[in-house]
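In the working numbering, the protein residues as written are 809 to 1219.
Idealized CB from N, CA, C, for every residue including glycine.
If you're wondering where the values come from, they're calculated on a predicted model, not measured in any experiment.
Below is one structure; the comments refer to it alone.
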Amino acid sequence: MKDLQLRQRLNWIPIVIMMIFFGGTWIFPFFYHVTERYNSLIIFVCFAALFFINIDWIQRLKSRDAVLIGMTAALLIAALNLFIIGSNKGCILILADFLLLLYITPYIKLSDIQYRTLEVFFLAMYGVWFFHDMEFSYNTNTGATYTVFSLFAALILLRYFSLKKEILGYFIVLALLRTGTLVLWHLARGAFSALFFFACFYMLFLLFDPAKHRRAYAFISCFAVFGSLLFVWAYVSLSKTGYNARMPLFYKNVFSGREQIWTEVWNMLEKQPLLGIGSGYELSSFFEYNMHNAMYDILIVHGFVVFAIAAFVIIERLLGMREHIRRNPFALIAGAAVFAIFFESFIDMDLMWADYSPILFFLFITVYRGADEGRSSESVKAGSGSPSGIPVAKTDSLPEPSVSGTGGILQ
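Dropping the structure here:
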């Protein structure tokens, strides 16, 4: 018990640093532009600290923890590849941040006050943009995506309020309407897709318990990774037919440049498929080195070997959420949001962008937090046995609550 309390006290250090970084980034544009070059490094320091505070990594290596071994191997091979091809080394932090986030979240057991602090913090961060649209101080696509992602985190506390007093559910409706209209106003396709996929996965997990429909959930988890590459292939192939059209609501063409980026970097990868092409190149098809697809970025930058190992780590962690998503209404929201961000990142890099990492960290923590706290149990009861608070067809009882464990871009 003393050891757990010590870890929780030490956890305050990286948590507070993340909150300062995230708050400064999305409230003060000057802070955002100053720290943008170092965002991956800042998040890496926080996640690395959480790793060493909460995880007995030596013991886990001795016990042959496949996910830890996979993560370590992926990062070591990726670093070696970057030295061999003479690429900028900073891009290793993007992969390291993402894999560390995936690895540590099941084992971090935040104290109640720490988790409550994060709940209130993310609701406040969403509230700032709810009342004052600052998107033009950043970038309209970036700002719209931030608004949607911060909404996902804010919904955790808003849902708790609605379960305590039903009329407060109007705040959820108001937040969804405000966010949806703001996204459409700024013509942000990626942000809109995230909101759309969130609604789809929320209803899907509400109707079909992942713990019971294991094969279907495994397919979705694998598709979140490999489907991203399939999308690239299909998108580029269709673009070669000469077809194009104006997208409804967004006044943009279906093919507006991504197909050129993806084709150019693939031609580069064919010359060294095992090593990857690294980062820092000047692309002729786009003004910055941005893959606009998270999984494709791992493949192109680090090569097939690293991608294969990283895919194993990612899918293992997504499969690990299977028993937790229906444990309480908060895990249901967080699980749907995680998959929404994965699918949104078929057309962007937001899944692996350090400035959004604190949100993804909070969502994973919420999923794995399970129903081992009094508030969750009360909330499920308030929701009449349904993990969403919405009456559904009667099925077998939900799994018993359990403790899930002890727990930028420098290109």
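Q | Where Asn1052 falls: helix, strand or coil (DSSP) | A | coil
Would you mind working out which of Ala1145, Ile1085, Gly1065 and Val1062 sits nearest Asn896, comparing C-alpha positions? Selected option, being the one with the closest Cα: Ile1085.
Note to self: Using a Cβ-Cβ cutoff of less than 8 Å, which residues in the same chain neighbour Tyr934 once the five nearest sequence positions on both sides are dropped?
What the structure shows: Thr955, Ser958, Leu959, Ala961, Ala962 and Ala983
Next item on the list: Using the Cα positions of Lys1106 and Leu888, report the straight-line distance between them to the nearest angstrom.
Entry: A small correction: the amino acid at residue 1106 is Ile; Lys does not occupy that position in the sequence shown. Each residue's alpha carbon lies about 15 Å from the other.
| request: Using three-state DSSP, classify Thr1203 as helix, strand or coil. | output: Caution is warranted here: a pLDDT of 36 is assigned to Thr1203, below 50, making its placement in the model unreliable, and the coordinate value is therefore given only provisionally. Here Thr1203 sits in coil by DSSP.
Does Asn1061 come out as helix, strand or coil in the three-state DSSP assignment? strand
Helix or strand or just coil, what does DSSP make of Asn896? Here Asn896 sits in coil by DSSP.
| query | Can the beta-carbon of Ile1069 be found closer than 7 Å to that of Ser1093? | reply | yes
Where does His1110 land, buried or exposed, given buried means 16+ other C-beta within 10 angstroms? buried
Using the C-alpha atoms, what's the distance from Leu918 back to Ser1153?
Cα-Cα distance, rounded: 28 Å.
Where the alpha helix (DSSP H) containing Gly1086 begins and where it ends:
No alpha helix (DSSP H) holds Gly1086; DSSP gives it neither H nor E.
In three-state terms, what does DSSP make of Tyr915? Three-state DSSP puts Tyr915 in a helix.
**OP:** Can you grab the Cα-Cα spacing for the pair Gly1050 / Ile1133, in whole Å?
**Re:** 42 Å
### Message
As a quick exercise: from Val1040, Thr1174, Phe979 and Gly1143, pick the residue whose alpha carbon is nearest that of Met1099.
### Response
Val1040
In or out: Arg815 buried (at least 16 other Cβ within 10 Å) or exposed?
-> buried
Q.
Using only CA atoms, which one of Ala1026, Pro837 and Phe830 lies nearest to Cys854?
A. If we check each option's Cα against that of Cys854, Phe830 comes out closest.
Check: What is the DSSP secondary structure of Pro1018, counted as helix, strand or coil?
Finding: coil
> On the three-pair Cβ rule with 8 Å, is the segment 1121-1133 touching the segment 868-887?
Replying inline: yes
- Shortest alpha-carbon distance to Leu812 belongs to which of Arg1135, Tyr915 and Met1103? Tyr915
inquiry  = Please classify Asp1163 as buried or exposed, where buried requires at least 16 other C-beta atoms within 10 Å of its C-beta.
reply    = buried
Please report the straight-line C-alpha distance between Asn947 and Phe1095, rounded to a whole angstrom. 15 Å
For Lys1079, report the span of its alpha helix (DSSP H) as first-last. No alpha helix (DSSP H) holds Lys1079; DSSP gives it neither H nor E.
Regarding Glu943 and the ligand HEM, is the C-beta to nearest heavy atom distance less than 6 Å? With respect to small molecules bound, the structure shown includes none, and the ligand HEM cannot be examined in it.
For this session: Apply the 10 Å Cβ neighbour rule to Ala1179 and answer buried if 16 or more other Cβ atoms are within range, or exposed otherwise.
Result: Reliability of the predicted coordinates at Ala1179 is poor, the pLDDT of 44 falling under 50, and the value obtained from them is presented with this limitation in mind. So Ala1179 counts as buried.
query = For Lys1189, which residues of its own chain have a beta-carbon under 7 Å away from its beta-carbon, when the five flanking residues on both sides are left out?
reply = The predicted model places Lys1189 with a pLDDT of 48, which falls under 50 and marks its position as unreliable; any figure quoted below should be read in that light. Hits under 7 Å: none found.
Taking all protein chains shown into account, do 16 or more other C-beta atoms lie within 10 angstroms of the C-beta of Pro1018, making it buried, or fewer, making it exposed? buried
- Query: Asp905: buried (16+ other C-beta within 10 angstroms of its C-beta) or exposed?
  - Reply: buried
Q) Which whole-angstrom value is the C-beta distance of Tyr1089 and Leu1037, which I expect to be below 8 Å? A) The beta-carbon separation of Tyr1089 and Leu1037, rounded to 20 Å, does not stay under the 8 Å limit for a contact.
Have a look at Leu1091 and Ile902 and give me their C-alpha separation to the nearest angstrom.
-> Roughly 19 Å between the two C-alpha positions.
For this session: Rounded to whole angstroms, what's the CA-CA distance from Ile850 to Met1160? Just pull it up for me.
Result: 14 Å
* Secondary structure at Arg1134, three-state DSSP: helix, strand or coil? -> coil
* Asked: Under a Cβ-count criterion, where at least 16 other Cβ atoms within 10 Å of its own Cβ denotes burial, should Trp1227 be classed as buried or exposed?
  -> A question about residue 1227 goes unanswered here, because the residues of the chain that appear run from 809 up to 1219.
Taking Pro822 as the reference, which of Phe838, Glu844, Pro837 and Ile861 has the closest Cα? Ile861
- Can you name, in chain order, every residue of its own chain whose Cβ lies under 6 Å from the Cβ of Phe1175, other than the five neighbours on each side? For the record, residue 1175 in the displayed sequence is Val; it is not Phe. Excluding sequence neighbours, Val1175 sits near Met1129, His1132, Ala1139, Ala1142 and Gly1143.
Quick check: Pro1166 and Met826, are their CB atoms within less than 7 Å of each other? yes
Check: Since Tyr1097 contacts Glu1067 with CB under 8 Å, what's their CB separation in whole angstroms?
Finding: Tyr1097 to Glu1067, Cβ: 17 Å. No contact.
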